[in-house]
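Structure record follows, encoded as structure tokens.
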Amino acid sequence: MASSLSLLLKKSSLDDHEQLLEASNRALKASSSDSQAQHVKVVALIKLDRYEEAVQFVQGAGKSLQNEVELEYAYALYKTGQLEEAAILASKIQGNRGAQHIEAQASYRLEDCRRTADIYKRIRGQPHDSEEFDLRVNQGAIDAQAQWLGLADASAIPRPSRQDLDAFETAYNAACGSIARGELAQAEMLLKRAKELCKHSEDLSEQQKADELLPISVQQLYVLLSLGKSTEAGALVNEINVANASDLSTRKIGESNILMASSLDNPFAAHKAFNSVKEVPHDDRLFSYQSVPLESNQTALDLQSFKFDGIISATSKVISKHRAPTLSSAAVLASQFNASAHAMTKTGKAAIKRILPELEKRPNDVGLIITLAQLYVLVGNNTSAVELVQTFFDRLEKSVAENEQDIRFNPVLVSLFISLLKTRGQQSQIKQELAKAAGYWRSKPNPATQLLTAAGISLLESQKEEDLKAASEIFDKLREQRPDDKATVAGYVASHAVTGGDSNTLQVEAGKLTAISELIRNIDVDGLEKGGIPQSSNALAIAQLRRAKKRGAADGTSSKAKRVRKSKLPKDYDASKKVDPERWLPMKDRSYYRAPKGKKKGKRGGGGDDKTQGGVVSEDLNIDAKPATVVAGGGGGGGGGSKKKKGKGKK
1 MASSLSLLLK KSSLDDHEQL LEASNRALKA SSSDSQAQHV KVVALIKLDR
51 YEEAVQFVQG AGKSLQNEVE LEYAYALYKT GQLEEAAILA SKIQGNRGAQ
101 HIEAQASYRL EDCRRTADIY KRIRGQPHDS EEFDLRVNQG AIDAQAQWLG
151 LADASAIPRP SRQDLDAFET AYNAACGSIA RGELAQAEML LKRAKELCKH
201 SEDLSEQQKA DELLPISVQQ LYVLLSLGKS TEAGALVNEI NVANASDLST
251 RKIGESNILM ASSLDNPFAA HKAFNSVKEV PHDDRLFSYQ SVPLESNQTA
301 LDLQSFKFDG IISATSKVIS KHRAPTLSSA AVLASQFNAS AHAMTKTGKA
351 AIKRILPELE KRPNDVGLII TLAQLYVLVG NNTSAVELVQ TFFDRLEKSV
401 AENEQDIRFN PVLVSLFISL LKTRGQQSQI KQELAKAAGY WRSKPNPATQ
451 LLTAAGISLL ESQKEEDLKA ASEIFDKLRE QRPDDKATVA GYVASHAVTG
501 GDSNTLQVEA GKLTAISELI RNIDVDGLEK GGIPQSSNAL AIAQLRRAKK
551 RGAADGTSSK AKRVRKSKLP KDYDASKKVD PERWLPMKDR SYYRAPKGKK
601 KGKRGGGGDD KTQGGVVSED LNIDAKPATV VAGGGGGGGG GSKKKKGKGK
651 K
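Under full-length UniProt numbering, the first residue of the sequence shown carries the number 1, and numbering increases by one thereafter.
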């Protein structure tokens, strides 16, 4: 039987894998340990896209076959979605270019961008003419993924070149990178280019063109919706037929985008339409930056359908899987939806009141803290928002865990805190926060360059020697990473010019910057001088409002000239005489006041013994007497002034 199998292998072509599979099965019935028949069966199953059967057969045959068919086994694991196992197995196969490709593809699906980039760098180090184009396409996909995940600095990724516009694969990857950077207009242009190139490709069959055009159109629909071009998006929806998608992942994303473009006002109908698509199988699972938005859409529809208890239960399970604090997008979004479900359609202060008990249970939940901070800002309580984030940061600073320190100085959270501080005008605290964050990231191998740049610029505005020195150290670090970045070069020159850097080095670096004459070439200096100091729109609005209030008569009518009021001075005013410094005091309180003769001191509103207000009532007073009529202008103490007048008349 073994000889007949060998004879069949010699005569077989690439298209008769079924025949090879049948022959290998017959050989294995005669001898189950026939290694050649086992190997042929594994290859035949893979060629027939029966990857699950191939994996099961290899695992059932034992270690000897696994060692013999390592490459085929790794590929079958990759195709069945067992990515971690495939990557580990492929990495152990030495000197095999195919194994390197499997490891790279598995790492890419696992969203391990740095590992994938390192593998392809090794592959490119061993040039192979037939793979040059494929490697360029794959590198574009890696760059786009790194930007989607926020693991790459956008300025470090090369911009789309003319070469990228020559093939639909490279144009599509360049468009994905543009979407990740938020450059939607450029992405729209690149997707149109990719679609046209795919339609007119001579290397693809009609079915292959349809398979390639579908994801391009689905991505194009997303861009049009994001740009607000609803008319064009509606026209594109009619061209998309997701039912013909070869994989469920593309179909799921397509259905979601089409639903977004539709005008379903009934949330229950939208909920039913969204859940009509089958679940994506494990071997075709979505990337996190695809699955997270889809799950968010699902939860948003659940909220609109008032499924609050179900949302709280589902999101609580997701939150419990992540140890707080965490910046996992899944956990952060789950926390936000969990808070929304607890609010139960309430907004403003009512929502805050319902959510605050959850903060007591999960004080380090990043998503919950961000949600509450946003609600505080919406109700105008910026102080509580700042205190909430500040308290969270203080707790993290006391922690010794390295991952918690990374979260404390995460660029996104630092930016959020600085934005809140700006609403309160706390400029000094902003500088302190930036300096603290820069001090942390300077010691890291992959620092947040944008955060360091902002911190360096902020420190340059200070007059303190230690701040200027820290700024120069920051720009030294940035210059090592991005020597050609103009913002970095400008910061380096400015910081070292103040701290006394090498003049020759500074001249060389300054030469990389755009000349001042070039920068001001198109500026009309005379026009600026005539225009005066520019005012903000808010200041202009206030000035116009004041002028409108002061306008006394309607347009076209004359108004009387305003009479200038003369200053009033006493008639006996003499400029040569010294002004009385006690003129503002009552006469009785002035130092030079003397009581009139013939008047007892106790009778003038002072504190005589015969006064009764606030003291002991004298027994000599007739409390049964009728009250005297109050005389206008009488002295203090109520009836005391009236009694003075009567006493004077009895003498």
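For every residue, glycine included, the Cβ atom is placed at its ideal position computed from N, Cα and C.
> DSSP on ALA141, reduced to helix/strand/coil?
Replying inline: For this step, residue 141 is matched to residue 141 along the sequence shown. Helix, per DSSP.
> Measuring CB to CB, does LEU71 end up less than 8 Å from LYS41?
Replying inline: Counting from 1 along the sequence shown, the entry for residue 71 is found at position 71. Counting from 1 along the sequence shown, the entry for residue 41 is found at position 41. No, they are not a contact pair.
>> Given this structure, state the Cα-to-Cα distance separating GLU212 from ALA543, to the nearest angstrom.
In response: For this step, residue 212 is matched to residue 212 along the sequence shown. For this step, residue 543 is matched to residue 543 along the sequence shown. In a straight line, the C-alpha of GLU212 is about 59 Å away from that of ALA543.
>> Is the beta carbon of PRO483 closer than 8 Å to that of ALA448?
In response: Start at 1 with the first residue of the sequence shown, and residue 448 comes out as number 448. Start at 1 with the first residue of the sequence shown, and residue 483 comes out as number 483. No.
>> So, under 8 Å CB-CB, TYR170 and GLY125 are touching, yes? Tell me the CB distance rounded to an integer number of Å.
In response: Translated into positions along the sequence shown, residue 170 becomes position 170. Translated into positions along the sequence shown, residue 125 becomes position 125. Inspection of the sequence shows that residue 170 is occupied by Thr rather than by Tyr. The pair is not a contact, with the Cβ atoms about 21 Å apart (cut-off 8 Å).
>> For GLN66 and LYS92, what's the separation of their Cα atoms in angstroms?
In response: As a working note, residue 66 is residue 66 in the sequence shown. As a working note, residue 92 is residue 92 in the sequence shown. So the two alpha carbons sit approximately 13 Å from each other.
>> Between which two residues does the alpha helix (DSSP H) holding PHE168 run?
In response: As a first step, residue 168 is located in the sequence shown; it is residue number 168 there, counting from the start. It spans 168-181 - the alpha helix (DSSP H) in which PHE168 sits, taken as one unbroken run.
> Quick one: Cα of SER130 to Cα of THR116, how far?
Replying inline: Within the sequence shown, the letter at position 130 stands for residue 130. Within the sequence shown, the letter at position 116 stands for residue 116. Taking the straight line joining both Cα atoms gives about 20 Å.
> Just curious, the alpha helix (DSSP H) that PRO411 is in, first and last residue?
Replying inline: Walking along the sequence shown from the start, residue 411 turns up at place 411. It spans 411-423 - the alpha helix (DSSP H) in which PRO411 sits, taken as one unbroken run.
> What residue range is occupied by the uninterrupted alpha helix (DSSP H) comprising SER31?
Replying inline: Within the sequence shown, the letter at position 31 stands for residue 31. Careful: SER31 lies outside any alpha helix (DSSP H) and carries neither H nor E.
> Hey, how far is the Cα of LYS582 from the Cα of LYS597?
Replying inline: Taking the sequence shown and counting its residues from 1, one reaches residue 582 at position 582. Taking the sequence shown and counting its residues from 1, one reaches residue 597 at position 597. Note on identity: in this sequence residue 582 is Glu, with Lys being the wrong assignment. Distance between the alpha carbons of GLU582 and LYS597 is about 23 Å.
> Going along the chain, which residues of its own chain have a beta-carbon closer than 8 Å to the beta-carbon of ARG122, five neighbours each way excluded?
Replying inline: On the sequence shown, residue 122 is found 122 positions in, with the first residue counted as 1. Within the same chain, ARG122 has close Cβ partners GLN100.
> Given that a residue counts as buried once 16 or more other Cβ atoms are within 10 Å of its Cβ, and exposed if not, what is PHE409?
Replying inline: For the purposes of this step, residue 409 is identified with residue 409 of the sequence shown, where counting begins at 1. Answer is buried; the Cβ neighbour count reaches 16.
> Roughly how many angstroms lie between the CA atoms of ALA106 and ALA74, to the nearest whole one?
Replying inline: On the sequence shown, position 106 is the one that residue 106 refers to. On the sequence shown, position 74 is the one that residue 74 refers to. Between ALA106 and ALA74, the C-alpha separation is close to 10 Å.
> Going by other Cβ atoms of all chains shown within 10 Å of its Cβ, with 16 needed for buried, is ASP394 buried or exposed?
Replying inline: Walking along the sequence shown from the start, residue 394 turns up at place 394. Its Cβ having fewer than 16 others within 10 Å, ASP394 is exposed.
> If we call anything under 8 Å between Cβ atoms a contact, is ALA437 one with LEU451?
Replying inline: Within the sequence shown, the letter at position 437 stands for residue 437. Within the sequence shown, the letter at position 451 stands for residue 451. Their beta carbons are under 8 Å apart, which means ALA437 touches LEU451 by this criterion.
> If VAL510 and VAL493 are in contact, beta carbons under 8 Å, what's the gap, nearest whole angstrom?
Replying inline: For the purposes of this step, residue 510 is taken as residue 510 along the sequence shown, with counting starting at 1. For the purposes of this step, residue 493 is taken as residue 493 along the sequence shown, with counting starting at 1. Checking the sequence, you will find Ala at residue 510 rather than Val. Going by Cβ atoms, the distance from ALA510 to VAL493 rounds to 5 Å, so yes, they are a contact pair.
>> Helix, strand or coil, according to DSSP, for TRP148 in the structure here?
In response: To locate residue 148, count along the sequence shown from 1; it is residue 148. Helix at TRP148.
>> Quick check on GLN463: does DSSP put it in helix, strand or coil?
In response: Translated into positions along the sequence shown, residue 463 becomes position 463. Three-state DSSP puts GLN463 in coil, outside helix and strand.
> Can you tell me whether DSSP reads ARG590 as helix, strand or coil?
Replying inline: As a first step, residue 590 is located in the sequence shown; it is residue number 590 there, counting from the start. Looking at ARG590 - three-state DSSP - the assignment turns out to be coil, as it is neither helix nor strand.
> Roughly how many angstroms separate the alpha carbons of PRO445 and HIS282, rounded to a whole number?
Replying inline: Locating residue 445 in the sequence shown gives position 445, counting from the first residue. Locating residue 282 in the sequence shown gives position 282, counting from the first residue. Distance between the alpha carbons of PRO445 and HIS282 is about 35 Å.
> What's the gap between the Cα of THR629 and the Cα of LYS571?
Replying inline: Within the sequence shown, the letter at position 629 stands for residue 629. Within the sequence shown, the letter at position 571 stands for residue 571. The predicted position of THR629 is uncertain, since its pLDDT is 39 and thus under 50; a value taken from the coordinates is nonetheless stated next. Looking at the two C-alpha atoms, the distance is approximately 38 Å.
>> Ignoring anything shorter than 4 residues, give me the alpha helix (DSSP H) runs that lie fully in the stretch 90-137, in order along the chain.
In response: 97-109 and 113-124
> Per the contact definition of three or more C-beta pairs closer than 8 Å, is the stretch 331-343 in contact with the stretch 384-391?
Replying inline: no
> Considering only residues of the same chain and omitting the five flanking positions on each side of SER205, which have a CB-CB separation below 6 Å?
Replying inline: Numbered from its first residue, the sequence shown carries residue 205 at position 205. Excluding sequence neighbours, SER205 sits near nothing in its chain.
>> Measuring alpha carbon to alpha carbon, tell me which residue in LEU236, GLN429, ILE430 and ALA455 is nearest TYR440.
In response: Here residue 440 refers to the residue found at position 440 of the sequence shown. Checked all of LEU236, GLN429, ILE430 and ALA455; the closest Cα to TYR440 is ALA455.
> By Cβ distance below 6 Å, which residues in the same chain neighbour LYS643 in space, the five residues on each side in sequence not counted?
Replying inline: Start at 1 with the first residue of the sequence shown, and residue 643 comes out as number 643. With a pLDDT of only 41 at LYS643, under 50, the local geometry of the prediction cannot be trusted, and no value is derived from it.
> For ASN275, which option in PRO325, GLY254 and GLN427 has the closest C-alpha, if you only look at C-alpha atoms?
Replying inline: Within the sequence shown, numbered from 1, the residue matching residue 275 stands at position 275. ASN275 has its Cα closest to that of GLY254, out of PRO325, GLY254 and GLN427.
> On the three-state DSSP scale, how would you describe ALA54?
Replying inline: Along the sequence shown, read from residue 1 onward, the residue named residue 54 stands at position 54. ALA54: helix per DSSP, three-state reduction.
> Any contact of the stretch 41-51 with the stretch 18-32, i.e. 3+ C-beta pairs under 8 Å?
Replying inline: yes
> Would you say LEU45 and PHE57 are within 8 Å of each other, going by their C-beta atoms?
Replying inline: By one-based count along the sequence shown, residue 45 stands at place 45. By one-based count along the sequence shown, residue 57 stands at place 57. Against a cut-off of 8 Å, the Cβ pair of PHE57 and LEU45 comes out as a contact.
> Taking C-beta to C-beta, are GLY348 and VAL379 nearer than 8 Å?
Replying inline: Taking the sequence shown and counting its residues from 1, the one referred to as residue 348 is at position 348. Taking the sequence shown and counting its residues from 1, the one referred to as residue 379 is at position 379. Closer than 8 Å, so yes.
> Since residue 714 and GLY367 are thought to touch, with beta carbons under 8 Å apart, how far apart are those beta carbons, to the nearest angstrom?
Replying inline: Residue 714 is absent from the structure shown; the chain starts at 1 and stops at 651.
>> Please report the distance separating the alpha-carbon of HIS17 from that of GLN36.
In response: Position 17 of the sequence shown, counted from the start, is the residue given in the question as residue 17. Position 36 of the sequence shown, counted from the start, is the residue given in the question as residue 36. Going from the Cα of HIS17 to the Cα of GLN36 covers about 15 Å.
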